[in-house]
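Enquirer:
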Amino acid sequence: MVGTIRINFYTGNEPLDFFGNSSYIAEDLVIESCKYLHIGPVARHLFGLWSFSQSLWFPPSKELKVPDEDILNFYLRLRFRTPNITSLKEKTDSSTLNYYFRQAHIDFLEGRIPELYHGNLRESALGLVATDIICEMIEENVTVEEMRSYKKIFIPQILRKNPLSDGFLHEPLRKAVARGLANAKNNSEFVKENYLQGLTELVPDYGTETYTVLIEKTENGKLFEVELVVNPYHPDYPGLRMRLKRSKGDWTHICDIENLCYISMRSDETVEISRQNGVPQYIQFNDTAQRHSFVSFLDGYYRLSEKWTFNLCKDLPTPSLLKLRAMKCHGPVSVSFAHRKLEEKSNNDVGCYIIRECEFMYDVYYVDIWISTKSEGSENISTFKIIKDDEGMFVLEGWSESFKSIPQLLSYHANENMLNFQRCIPPSEYDESNLLLCRRQKQGFSSLKTRGDCSCTAQCIPHDAIMFCQDVSTMPGRLTIVAQARLRRSCTDSRAVAVKMLRKETKVTHLKEFLAQCDKMLYWQHDAIVSTVGMILTNPTALVMEWLPLGTLDRYLENRTDVQEVDLIEAAYHLARALWYLDEQRMVHGNIRCHNILVSSHGESCFKVKLADPGIITYTDADIHWIPPECYDDYSRASKSILADVYAYGTTVWQIISRGGKPMPLLTPKQAKEHYLKNLGLGIPSTCQEEMGKLIEECWFRDPDNRKQPQSIVRDVNSILYQIYDSRRTHSYAVVDERAITKVESPEKPPLPTRRPPVKDSSRNILKKIKWPVTAPFRGFNYNVLSQSRSTLNASSANSTTSFLTEDRENDENFDEPSQSNSLISICDVFPSEILLDNHIRDPSSIISYHNLTIKGKLGEGFYGEVLKADFFNPVLLKPETVAVKRIKAKDSVPHIRVNELHAEMKIMKSLCHKNIVRIIGLVEDPETMLVMEYVDNGSLLCHLQSYKNKQEELEHKELIRFALGVAEGMEYLETQNIVHRDLAARNILVGSKDAIKISDFGLAQEIKDHYYRMTTDRNIPIRWYALEAIVASKFSHKSDVWSYGVTLWEIFSYGDNPQIKNVPDTALHEALQKGQRLGLPYNCPSLERQGMEKEEEDRGEERRQSGPNQEKYDYPD
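For the sequence shown, the working numbering assigns the number 65 to the initial residue and increments by one for each residue that follows.
1) Do residue 1088 and residue 1070 have their C-beta atoms closer together than 9 Å?
2) Starting from residue 1045 and walking both ways along the alpha helix (DSSP H), at which residues does that stretch end?
3) Between the C-alpha atoms of residue 67 and residue 922, what's the straight-line distance to the nearest angstrom?
4) Quick one: Cα of residue 792 to Cα of residue 73, how far?
5) Could you check whether the Cβ of residue 559 sits closer than 9 Å to any Cβ belonging to chain C?
6) Apart from the five residues just before and just after residue 1030, which ones in its own chain have a Cβ nearer than 6 Å to its Cβ?
7) Apart from the five residues on each side of it in sequence, which residues of its chain come closer than 7 Å, Cβ to Cβ, to residue 976?
8) Buried or exposed: which applies to residue 554, given that a residue is buried once 16 or more other Cβ atoms fall within 10 Å of its Cβ?
9) List the endpoints of the continuous beta strand (DSSP E) containing residue 526.
10) What are the residues that DSSP puts in a beta bridge with residue 434?
11) Any idea if residue 967 is buried or exposed, counting beta-carbon neighbours within 10 angstroms, 16 or more meaning buried?
12) Taking 9 Å as the cut-off, decide whether the C-beta atoms of residue 755 and residue 783 are in contact.
13) Less than 9 Å separating the beta-carbons of residue 52 and residue 637?
14) DSSP on residue 651, reduced to helix/strand/coil?
15) Take residue 616 and list the residues in its own chain whose beta-carbon comes closer than 7 Å to its own, dropping the five residues that flank it on each side.
16) For residue 336 versus residue 699, is the C-beta distance shorter than 9 Å?
17) Do residue 263 and residue 190 count as a contact pair if the criterion is CB distance below 9 Å?
18) According to the neighbour-count rule (16 or more other Cβ atoms, all chains shown, within 10 Å of its Cβ), is residue 917 buried or exposed?
19) One question on the structure: do residue 1114 and residue 1105 come within less than 9 Å of each other, judged by their Cβ atoms?
20) Distance, Cα to Cα, residue 419 vs residue 398?
21) On a CA-only basis, which of 110, 154 and 167 is nearest residue 76? Give me that one, please.
22) Within its chain, find whatever has a CB closer than 6 Å to the CB of residue 356; leave out the 5 residues flanking it on each side and keep chain order.
23) For residue 1099, name the three-state secondary structure that DSSP assigns.
24) List, from N- to C-terminal side, the alpha helix (DSSP H) runs of 4 residues or more that fit wholly inside the segment 613-665.
25) If you reduce the DSSP assignment to three classes, tell me which class residue 921 lands in.
26) DSSP has residue 275 in a bridge; who is on the other side?
27) Apart from the five residues just before and just after residue 745, which ones in its own chain have a Cβ nearer than 8 Å to its Cβ?
28) For residue 394, collect the residues of the same chain with a Cβ closer than 6 Å to its Cβ; drop the 5 residues on either side in sequence, then sort them by chain order.
29) Which residues in the same chain have their Cβ closer than 7 Å to the Cβ of residue 71, if we skip the five residues on either side of it in sequence?
30) Nearest to residue 1055 by alpha carbon, out of 1072, 1068 and 1028?
31) When you compare each of 323, 526 and 352 to residue 343 by their alpha carbons, which one comes out closest?
32) Expressed to the nearest angstrom, what Euclidean distance is found between the alpha-carbon atoms of residue 473 and residue 747?
33) Whole angstroms is fine: what's the gap from residue 444's alpha carbon to residue 450's?
34) How big is the Cα-Cα spacing for residue 1068 and residue 972?
35) Based on the DSSP secondary-structure assignment, which residues constitute the bridge partners of residue 141?
36) Evaluate residue 542 with the Cβ neighbour count: other Cβ atoms within 10 Å of its Cβ, from every protein chain shown; 16 or more gives buried, anything less gives exposed.
Spelled out as structure tokens, the structure:
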């Protein structure tokens, strides 16, 4: 028996057997299979090879070895789904639709869609049976009577016992078939489309892939087993999501497919996923095969939805893409796209051409060439057909000569047959063609931000707000000078800045060029680019930027001996990120040089640099090392080409690896130019790591179209950092948090929290009056968060330290890392304000420099803002601490109002000092207003209680009393400070590591002077926690807070249940309260607590308890 690789199909076609070679490439087998099934060149990119025996997908580049005297079985499967079935039908071909239908049909029959066989979907599953029967009847042209004899092949074994299948074509199945036949109008393709659409609606996760992986928690190195799921079209978690294995808790969203940047792999089976909206995610797989399967799945979706010509991971390239790139050939794009691109990119230059694969036939290529400028549009375009023969040679239709490659063929015919093939327009990562089969409709087709979309934070600065430092020397350039100065922000506060202005002799001659460069810089917002603070328009006209005291990179490398090799690679990485950002914005820098890069920070585990502004660009022969050969005849062209920037990046990295060295120091610029014209290069420094040297050379390719693209540069440099220098990098294994285990089932139960010691004083102890334990049985809970109206506030995350700004806080339980764009305008303040952190002393200014904060991740999200976890380095105490940071969402339509609210909250909180009140640390004002508070590690009391309810476990009543007492003590303190909280609820109570209870969220709080406060602003309110007078008359006092305390007690003893009076909507709540209706008392609530709640919910405020509600009865048990 001959060793064979066999590809099986769902359409009934005979399998394809491959033998004779020792191995085959997976993508080649997919292509041959699609040819065999008449699936077109466009649609074939949706397919992959699946092994049922191994439960494994194989990446396109996988080399499959032919077994000895055995058969290796695979199935061809449609792996990548389009956003909907209509899209699949319109963008591909009938053979693809038919194959997907047959694939889904077999999956259904063989029990591979288990969701359809249980619960409410069983009835719907029989609807699929009816649709399948209809399709068979139409295609085979058989009658209802003839179908009776082999009906059972349409019904999965698990459903055959369903009563609806007894008595074939009897009610209701018979009616469904009859109705469907009438609607189908003898169109089987219509039936298949509806079958697939119905299936995807019933089972949205059909076709997704799930992987079991390990996620590490950095703090203790503990690994968690996690379910990782990829579904680009999930309504709530599109792209990647995960949760703890064997858990029924909520999913954590990692990112959308379009937010992926690149993927790096390491030999220890770990994968680094870099994303636009957060820190990298690190995942560990069990074996290489699973790792490759996962990465190829993400890569396929990224190519089919974002950038068709880009592979996310350099270690798993798509073989066909490499071949196309070598020929500068587009994939099977449509004729309309090719002609439109040629018209846009040719600049009416006769002889410009595009090479493309045929979208309908394999091994056929077309060359569209711009032949004239006399007419308009496609009339200027002539098309040549190229055929690839069985021996792999290329032939131009109408000629007999054959060639090994298309470029050779075109060169021959241009010289011998006078065909005017002059300049090839290569494929681009930004092509918006018909090949983006999986792009979601709402994505749109452009990630480029316009000026109107930019959230520019730069300001127009009065000239008298700048104070120049007389004892600091300026840094002169040819046309401009840079001086250190102080920007005065208030009478007592200033910050260091760099001011760039024209030299005296160039103020008139170069003002226009200077303003043009300033205009670009004002809108560049990236953390690898020196940030712009603003502009001075007169006396002098100047650009004000952040001050980076460590200076330029070339001098820093020359003068410092403590810069490690990994620091050099990291500097190249940050520079690459800046280059990629500019490319995404369709911007050219034009002056990437080592002396034009500034050192931002240097420590044991990081070396960060920032690209400075290009200045007024004027090239001389001294720039020859950074100017690509195609610009030698006109240096100014280098300022307009991103590929010229790539070339300059290569030389700049050469400088970095050479520790600031000058290229060819012994040669004059003229001699250096002659050297380059001989196709000679700089040569790679002997100390350069091999992979880095290869990347530099790829930036220097003489053919600009073959140079490395910026995103590929970032991907490859990051891969070098990850694979080779990983030992010095600190990873943030964010998202899955050990504290989340209390919410879900987990392999290990967490330890019980440490209890604080009993507090003894002279107060009466009510706990002694209650018999412990309470022996009433625990009842199951049926809590549905979705039943809460918007004003009741969905529960905050277990890790949320606070909700944000308004009552309409719907904190996100998905712990996404924040987008890096949140820190793009990084302000360097070399004289941060001193912040006193003692619990009893407050600095009135309490201004914190943004640079002293390191954002770690998102804790919660509300309607107007979000809460982040961060590390705060205290410049006075010289040590870090974990904090919670409140900030306003960028998309807020009235940010000035939210900023004012944040300042008001700061004003109230900084005057408070109590063990049961969240401690304020300070305020960040620049580049955005953020409130910094202490981090309370066990999250909200609401989630803490609900975690026990979800596990059907009880806390001892004395623990609930502890919670009630902590809230009471905090509220009593607020009364002594004349503060009305107005938003007291379990969601706004935080639980510390030792059950410390702290009241948070003073966004609605008010200081009162006349015993009450009347709200005059129109805003949403948490109505279910409000007293009657607050709802009806907007009147708030300590008494209304006492009412809210009663509702909070109800939440505590109901384990976080929804405080809604039965059958009373929010709109009728005030009427129900006036009639005496109340929440009712929680089950198993001690009698004294019942009395307390009733007293605190008296109609008339004067009859309610004093604030610090009856505190003397709460004390810890002995």
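By construction, the Cβ of each residue, glycine as well, lies at the ideal position given by its N, Cα and C atoms.
Expert: Based on what the coordinates show:
1) Taking the sequence shown and counting its residues from 1, the one referred to as residue 1088 is at position 1024. Taking the sequence shown and counting its residues from 1, the one referred to as residue 1070 is at position 1006. Contact flag unset, no.
2) Numbered from its first residue, the sequence shown carries residue 1045 at position 981. Neither: residue 1045 is in no alpha helix (DSSP H) and is coded neither H nor E.
3) As a first step, residue 67 must be located in the sequence shown, where it is residue number 3. As a first step, residue 922 must be located in the sequence shown, where it is residue number 858. Each residue's alpha carbon lies about 54 Å from the other.
4) Within the sequence shown, residue 792 is the residue found at index 728, counting from 1. Within the sequence shown, residue 73 is the residue found at index 9, counting from 1. Residue confidence for residue 792 is low, a pLDDT of 45 falling below 50, so the modelled location carries little weight; the figure read from the coordinates is stated next. Roughly 49 Å between the two C-alpha positions.
5) Of the protein chains in this structure there is only one, and it is not chain C.
6) Numbered from 1 along the sequence shown, position 966 holds the residue referred to as residue 1030. Once the five neighbours on either side are set aside, the close Cβ partners of residue 1030 are 980 and 1061.
7) On the sequence shown, position 912 is the one that residue 976 refers to. So the list reads 1041, once near-sequence residues are dropped.
8) Locating residue 554 in the sequence shown gives position 490, where the first residue counts as 1. With fewer than 16 Cβ atoms within 10 Å of its Cβ, residue 554 is classed as exposed.
9) Translated into the one-based positions of the sequence shown, residue 526 becomes position 462. Run containing residue 526: none; DSSP gives neither H nor E here.
10) Here the question's residue 434 lines up with position 370 in the sequence shown. Its beta-bridge partners are 445.
11) By one-based count along the sequence shown, residue 967 stands at place 903. Exposed, since its Cβ has fewer than 16 Cβ neighbours within 10 Å.
12) Residue numbering aside, residue 755 sits at position 691 when the sequence shown is read from its first letter. Residue numbering aside, residue 783 sits at position 719 when the sequence shown is read from its first letter. Yes. Within cutoff.
13) Within the shown structure, residues of the chain are numbered from 65 to 1182, placing residue 52 beyond reach of any answer.
14) In the sequence shown, residue 651 corresponds to position 587, counting from 1. Three-state result, residue 651: coil.
15) For the purposes of this step, residue 616 is taken as the residue at position 552 of the sequence shown. So the qualifying residues of the chain are 659, 661 and 662.
16) The sequence position of residue 336 within the sequence shown is 272, counting from 1. The sequence position of residue 699 within the sequence shown is 635, counting from 1. The Cβ atoms of residue 336 and residue 699 lie no closer than 9 Å to each other.
17) Here residue 190 refers to the residue found at position 126 of the sequence shown. Here residue 263 refers to the residue found at position 199 of the sequence shown. For residue 190 and residue 263, no; Cβs fall outside 9 Å.
18) Residue 917 sits at position 853 when you count from the first residue of the sequence shown. Under this definition residue 917 is a buried residue.
19) In the sequence shown, counting from the first residue as 1, residue 1114 sits at position 1050. In the sequence shown, counting from the first residue as 1, residue 1105 sits at position 1041. No. Outside cutoff.
20) As a position in the sequence shown, residue 419 is number 355, starting the count at 1. As a position in the sequence shown, residue 398 is number 334, starting the count at 1. Going from the Cα of residue 419 to the Cα of residue 398 covers about 12 Å.
21) Residue 76 sits at position 12 when you count from the first residue of the sequence shown. Ranking 110, 154 and 167 by Cα distance to residue 76 puts 167 first.
22) Indexing the sequence shown from 1 puts residue 356 at position 292. Hits under 6 Å: 123.
23) In the sequence shown, the residue the question calls residue 1099 occupies position 1035. Correct three-state label for residue 1099: strand.
24) 617-623 and 629-648
25) Here the question's residue 921 lines up with position 857 in the sequence shown. In the structure shown, residue 921 sits in a strand (DSSP, three-state: E or B).
26) Against the sequence shown, residue 275 aligns to sequence position 211. BP columns for residue 275 point to 292.
27) Residue mapping note: residue 745 aligns to position 681 of the sequence shown, counting from 1. Same-chain partners within the cutoff: 761 and 764.
28) Position 330 of the sequence shown, counting from 1, holds the residue named residue 394. The residues are 420 and 491.
29) For the purposes of this step, residue 71 is taken as the residue at position 7 of the sequence shown. So the list reads 79, 80, 93, 97, 138 and 140, once near-sequence residues are dropped.
30) The residue you call residue 1055 lines up with position 991 of the sequence shown. With distances taken between Cα atoms, residue 1055 lies closest to 1028.
31) By 1-based counting over the sequence shown, the position of residue 343 is 279. The shortest C-alpha separation from residue 343 is found at 323.
32) Here the question's residue 473 lines up with position 409 in the sequence shown. Here the question's residue 747 lines up with position 683 in the sequence shown. Near 33 Å, if we compare the C-alpha coordinates of residue 747 and residue 473.
33) The residue given as residue 444 occupies position 380 in the sequence shown. The residue given as residue 450 occupies position 386 in the sequence shown. Annotation: residue 444 to residue 450 spans about 20 Å, alpha carbon to alpha carbon.
34) Sequence index remark: in the sequence shown, residue 1068 carries index 1004 (1-based). Sequence index remark: in the sequence shown, residue 972 carries index 908 (1-based). Straight-line Cα distance between these residues: approximately 10 Å.
35) One-based indexing of the sequence shown puts residue 141 at position 77. DSSP, once it has assigned bridges, lists 112 as partnering residue 141.
36) By 1-based counting over the sequence shown, the position of residue 542 is 478. So residue 542 counts as exposed.
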